[in-house]
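Notes follow the structure.
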């Protein structure tokens with residue numbers, strides 16, 4: 279089936295992609311974009327019955343996380359199109375210029391960490 283497009287989100291069987299501003303830091307040091315990459319964003323991939331993985335797109339280093347690897351989510355600025363999260367291994371991912379529906383889709387994927395929202 280061809281991908282569907284709604285609220286800035288591309289959806290197809292087994293995955294969802296959305297483009298937005300992304301910055302990534304590991305232990306406080308920024309990770310640089312891959313050469314030639316103009317579009318940054320996230321890809322949410324179904325990886326089992328109910329588990330989902332989130333892949334950060336456009337960086338030199340492969341960055342993948344899921345609900346079980348998230349330490350904290352900062353979701354106080356979703357209406358402004360911004361969200362930040364920290365993984366247990368100290369990777370900080372900040373999203374900006376996103377459509378609020380995109381961020382809500384991401385939060386549904388990370389639902390098990392809702393108690394760590396800030």
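Numbering (the numbering used here), first residue to last: 279 to 396.
Even for Gly, the Cβ is constructed at its ideal location relative to N, Cα and C.
Note down, in chain order, each residue of its chain lying with its Cβ closer than 6 angstroms to the Cβ of residue i, except the 5 sequence neighbours on either side.
| i | result |
| --- | --- |
| residue 285 | Annotation note: pLDDT 47 at residue 285 (below 50); position unreliable, no value reported. |
| residue 317 | 297 |
| residue 372 | 301, 362 |
| residue 304 | 369 |
Where residue i and residue j are concerned, what is the direct C-alpha to C-alpha distance, given to the nearest angstrom?
| i | j | result |
| --- | --- | --- |
| residue 294 | residue 350 | 22 angstroms |
| residue 300 | residue 319 | 6 angstroms |
| residue 310 | residue 302 | 8 angstroms |
| residue 308 | residue 323 | 25 angstroms |
| residue 367 | residue 374 | 22 angstroms |
| residue 314 | residue 306 | 24 angstroms |
Excluding sequence positions up to five away, which residues of its chain have a Cβ less than 8 angstroms from the Cβ of residue i?
| i | result |
| --- | --- |
| residue 312 | 336, 337, 338 |
| residue 394 | In this prediction, residue 394 scores a pLDDT of 48, lower than 50, which makes its location untrustworthy; no coordinate-derived value is stated. |
Would you grab the beta carbon distance between residue i and residue j for me? Rounded to a whole angstrom, and I think it's under 8 angstroms.
| i | j | result |
| --- | --- | --- |
| residue 385 | residue 353 | 6 angstroms |
| residue 345 | residue 387 | 7 angstroms |
Run through DSSP, which three-state label would residue i get?
| i | result |
| --- | --- |
| residue 356 | helix |
| residue 362 | strand |
| residue 349 | strand |
| residue 312 | coil |
| residue 384 | helix |
Indicate whether at least one CB of chain D lies closer than 8 angstroms to the CB of residue i.
| i | result |
| --- | --- |
| residue 361 | Included in the structure is just one protein chain, with no chain D present. |
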